[in-house]
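The working numbering puts the first residue of the sequence shown at 186, with every later residue one more than the last.
Using N, Cα and C, we set each Cβ at its ideal position, and we do this for glycine too.
Since the structure is predicted, the reported quantities are computational estimates derived from the model, not experimental observations.
Note sheet for the following structure.
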Amino acid sequence: MLTSPRPPAFFLHSQRSATFSSPKSSPLLASSEPSGIGLRAPSLHVQCRRVISSPNVEFEPGALDVLFQELGLNERETESLLTRDPDLRLKSIGSLRARVASLKSVGISGLELCHLVVKCPSVLAAGEIDPFILFVRDQLDGKVDPMQLKRLFMSTEPRFLAGFEEKVNLLTDSGIPREKIVHVLNNVNLTKALSLKPFEEIERLLNFLSRYGGVDLIVRHPPILNFDMDTHLIPRVEFLLELSGGDEDATGAVLRKLPTFLKYRVEHLESHVEFLRSFAGLDDQEIFRIILVFPNIVSASRERKLRPRISFLKECGLNSNEIFKFLTKAPLFLGLSFEGNIAYKLGFLVKIGYKYRTKEFAVAIGAVTRASCENMQKVIELFLSYGFSCEDVLLMSRKHPQILQYNPDSLEEKVEYLVGEMGRDLEKLLDFPAFLGYKLDSRIKHRYEVKKKIIGEGMSINKLLNVSFERFAKKKVEKLVHKPKN
């Protein structure tokens with residue numbers, strides 16, 4: 186009886202038993218099989234041991250299937266992977282399992298690992314992966330966010346992982362503290378910031394930033410590393426530098442206060458500056474001064490915040506120069522919520538007697554921008570509890586507007602010291618409300634005790650506290666020298 190000759194082992198790629206059951210579907214790969222009625226035709230799969238000349242490759246029957254089943258892939262997904270990355274067939278099962286274990290050692294496991302392998306099968310075969318994982322695991326203590334690593338593997342060809350360690354070391358050698366480097370890596374686009382960016386370009390970026398705040402800017406806002414030098418970083422810094430009149434120190438001061446300033450496009454910055462020029466009547470030097478004290482002005486909406494706030498100041502009678510002085514002293518006025526903050530404060534000021542939309546009213550609202558509404562209410566209630574009227578509070582705040590933003594507990598201590606230890610009437614505060622702005626221990630108590638020993642009780646608290654430290658020390662010495670002996 187004649188039989189067909191058996192094909193050699195190397196000719197057969199796989200051998201599977203015939204089955205009438207279809208493979209389980211998976212959401213990871215869309216099915217390419219046509220829909221039909223009734224049973225599908227049985228598919229015949231053949232499997233054998235592959236014979237390859239490399240001594241490191243030893244497949245056992247079904248070994249690849251078992252490995253991928255353990256990862257959560259079904260039969261159809263496995264075939265798709267092997268078609269897209271034939272190099273997987275050239276790897277030994279041992280090396281593939283070792284790669285899987287490496288990926289799990291840096292936190293990529295379960296469904297995330299399955300998804301990564303489906304989308305990027307080269308992660309199991311590429312030789313550049315192992316040195317990268319060893320660096321992340323051993324030198325970075327495995328603390329890099331697994332999702333960061335997964336995104337990197339999925340968006341970067343493995344060949345671009347070469348040199349990753351040297352680039353990270355460049356960052357630490359340039360001054361980023363070792364304990365902060367993982368924070369930086371977890372908050373950048375690793376593909377843009379490191380993998381695809383040449384070593385020399387990162388070095389150039391670090392050298393450029395050294396004039397304006399250096400690596401501290403990167404630690405505080407890591408996405409700076411994502412920026413392209415010529416299209417993003419340099420134009421934005423040069424715009425601010427030009428606005429400052431070429432003052433690198435002042436430009437650096439702005440960036441150190443708000444490193445996120447660098448994320449705004451030049452077009453956005455230009456539109457804010459032009460608005461302040463045309464609507465508020467400010468010149469470039471004044472605009473830069475405002476940016477210097479309040480860099481977040483570039484994040485404030487021109488139409489929702491800047492225009493109505495500056496319109497309010499104009500309605501209060503402030504001219505361009507007065508608007509400039511107001512904004513440098515109370516820049517938060519531009520950033521606070523109107524409904525949740527400013528509106529309440531306006532109400533308090535009107536209740537104690539301020540006339541709406543006057544310069545005096547504008548000065549008062551500027552003085553309380555840093556205080557919370559709750560704190561402001563407690564201060565007013567404290568004065569009322571001591572017997573002061575709303576008219577008295579109005580009089581004191583006109584003379585010393587900051588009085589409404591002080592800590593109420595601190596105010597109470599000073600009032601008690603004024604009445605109890607210094608023996609003065611509360612009415613003294615109507616004449617000299619600034620008394621409540623001085624520090625109790627280092628200024629009020631200290632000076633009172635010193636002067637009390639020299640001239641006794643009857644001293645002017647105004648002169649006692651207003652005089653500078655140098656003049657006070659000089660007068661103290663003069664009084665001691667000329668004090669008559671008994």
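The three-state secondary structure of R583, taken from DSSP, is helix. By the neighbour-count criterion, in which a residue is buried when 16 or more other Cβ atoms sit within 10 angstroms of its Cβ, T416 is exposed. Cβ-Cβ distances below 7 Å link H585 to P618, A619 and G622 in the same chain, with the five nearest sequence neighbours on each side left out; the list follows chain order. For D326, the closest alpha carbon among the candidates K365, K377 and L517 is that of K365. Going by DSSP, V553 is part of no alpha helix (DSSP H) at all; its letter is neither H nor E. Closest in alpha carbon position to R609, among L267, S645 and K624, is S645. The residue from E471, L281, R421 and P271 with its alpha-carbon nearest to that of E455 is R421. Going by C-alpha positions, A438 is about 26 Å away from F464. According to the DSSP assignment, E264 belongs to the alpha helix (DSSP H) that extends over E260 to R269. Of all alpha-carbon atoms in R405, N411 and K624, the one lying nearest the alpha-carbon of P444 is that of R405.
Listed in chain order, the non-local C-beta contacts of P316 below 7 Å within the same chain number zero, local neighbours out to five positions each way being set aside. The DSSP-derived three-state label of H453 is helix. Here L296 is exposed. Its C-beta has fewer than 16 other C-beta atoms within 10 Å.
The segment 543 to 556 and the segment 586 to 597 touch, with three or more beta-carbon pairs separated by less than 8 Å. At a Cβ-Cβ threshold of 8 Å, L379 and K352 count as neighbours. Per DSSP, the continuous alpha helix (DSSP H) segment holding P593 begins and ends at P593 to G605. Here L266 is not near C299, since their CB atoms are 8 Å or more apart. Non-local beta-carbon contacts of F533 in its own chain, meaning distances under 6 Å to residues more than five positions away in sequence, involve M561 in chain order.
Counting the other Cβ atoms within 10 Å of the Cβ of F654 gives fewer than 16, which makes it exposed. Taking the Cβ atoms as the reference, L281 lies roughly 17 Å from L319, outside the contact range of under 8 Å.
For H300, the enclosing alpha helix (DSSP H) stretches over residues G295 to K304. In this model, K499 and P516 are separated by some 16 Å (Cα to Cα). C-alpha of Q470 to C-alpha of G520: approximately 21 Å in a straight line. Rounded to whole angstroms, the separation of the alpha carbons of L625 and Y602 is 9 Å. For the set Y449, D401, R555 and E507, the Cα lying nearest the Cα of I482 is the one of Y449. Rounded to whole angstroms, E507 and L467 show a C-alpha spacing of 10 Å. Taking all protein chains in view, the Cβ of H457 is crowded by 16 or more other Cβ atoms within 10 Å, so the residue is classified as buried. When the five nearest sequence neighbours on each side are left out, the beta carbons in the same chain lying within less than 6 Å of the beta carbon of I278 are those of A248, in order along the chain. Assigned with DSSP and collapsed to three states, T543 falls in coil, not helix or strand. The DSSP-derived three-state label of T513 is helix.
In the structure shown, the three-state DSSP call for D326 is coil. In this structure, F393 lies away from L426, with their beta-carbon atoms at least 8 Å apart. By the Cβ neighbour-count rule, T263 is buried, with 16 or more other Cβ atoms within 10 Å of its own.
For Y397, the number of other beta carbons within 10 angstroms of its own is at least 16, and it is reported as buried.
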